[in-house]
Amino acid sequence: NFLAMDTMAHAAGDGTMLVANLQTGAWSRFTGLDARTFALFDGFVYYGSIDGFVYRMQGTGADNGMPYTCKYLGQHEHMGTPAEKTVGQMRPVFSSNLPIAPQTTALVNYSETLSSSPNAFAYSGTDGWDISVWDTSLWDASAGTVTSAADSQWVAIGRTGHVVAPEIQVTMGVTQLPEVELLGVDATFRPGAMVA
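Counting in this note's numbering, the sequence shown runs from 5 upward without gaps.
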């Protein structure tokens, strides 16, 4: 669903690329991926790296055997009132084929300084081909899709500002390919009074 666009980031050496979603036309950034070229073959995206290797994207839930972190910073919003407000709680709602442990917080007043990355979730699902224990695993087991449910996912925030943006990070490092989609973010907040 994404078309990667090479930018001048290679000259800077920071591995940042601009990407466009082919379904929505929305633009975003990929970081930490120092790719030189991309190719689509047999339903998979491959890329050539600066170190001369070819990698297949989204083959597993790890980055060449190492964990990686997905980071989301939403748009700063007034949340319906121009007054200063205190965000009490937030809860992200995901659709996922395996358990995840999102780290949720909020940034205020146009800050873009993200929190430290969380550790990878210890997922013990091993019922897949080439990762299962013989005579123990269920060969026909399917993780299915799970939508994270409501009340157990609320996280205390306690941030105050005129505009608020949700920050969500999920670290992956599993063998199974994760299929995770952020469906929305709910928040509770208390607006302050306008002072003239």
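Just so it is clear, CB atoms sit at the ideal spot from N, CA and C, and this is done for glycine as well.
- Residue pairing by DSSP places Val112 opposite Val168 in a beta bridge.
- Between Met94 and Ala110, the gap from beta carbon to beta carbon is short of 8 Å.
- According to the DSSP secondary-structure assignment, Glu81 is paired through a beta bridge with Val168.
- Between the region 175 to 187 and the region 51 to 68, the count of C-beta pairs closer than 8 Å reaches three or more; the two stretches touch.
- Counting only the Cα atoms, Leu118 lies some 11 Å from Thr108.
- As DSSP reads the structure, Pro106 sits in no beta bridge.
- In this structure, the straight-line span from the alpha carbon of Thr90 to that of Phe48 is close to 44 Å.
- The alpha-carbon of Leu181 is positioned some 9 Å away from that of Asn101.
- Each of Ala43, Val97, Thr20, Ala87 was checked against the Cα of Val184, and the nearest Cα belongs to Val97.
- The residue from Arg60, Cys74, Arg194, Thr192 with its alpha-carbon nearest to that of Phe45 is Arg60.
- If the five residues before and after Pro195 are omitted, its C-beta is found closer than 7 Å to the C-beta atoms of Thr85, Ala87, Lys89, all from its own chain and listed in chain order.
- Here Gln27 carries a coil assignment [DSSP, helix/strand/coil].
- Sequence-distant Cβ neighbours of Leu37 in its own chain, meaning closer than 8 Å and more than five residues away, are Gly19, Met21, Tyr51.
- In this structure, the alpha-carbon of His80 lies about 13 Å from that of Thr164.
- DSSP, reduced to helix, strand and coil, places Gln93 within a strand of the structure shown.
- When the five nearest sequence neighbours on each side are left out, the beta carbons in the same chain lying within less than 6 Å of the beta carbon of Thr73 are those of Ser121, Gln173, Thr175, in order along the chain.
- Per DSSP, the beta bridge partners of Thr192 are Gln93.
- A Cβ-Cβ distance of about 13 Å is found for the pair Ile161 and Gly78, leaving them out of contact under the 8 Å criterion.
- Taking 8 Å as the cut-off, the beta carbon of Ile54 is found closer than this to the beta carbon of Arg40.
- Excluding sequence positions up to five before and after His166, its CB lies within less than 8 Å of the CB of His82, Pro86, Ala87, Glu88, Lys89, Val112, Asn113, all in the same chain and listed in chain order.
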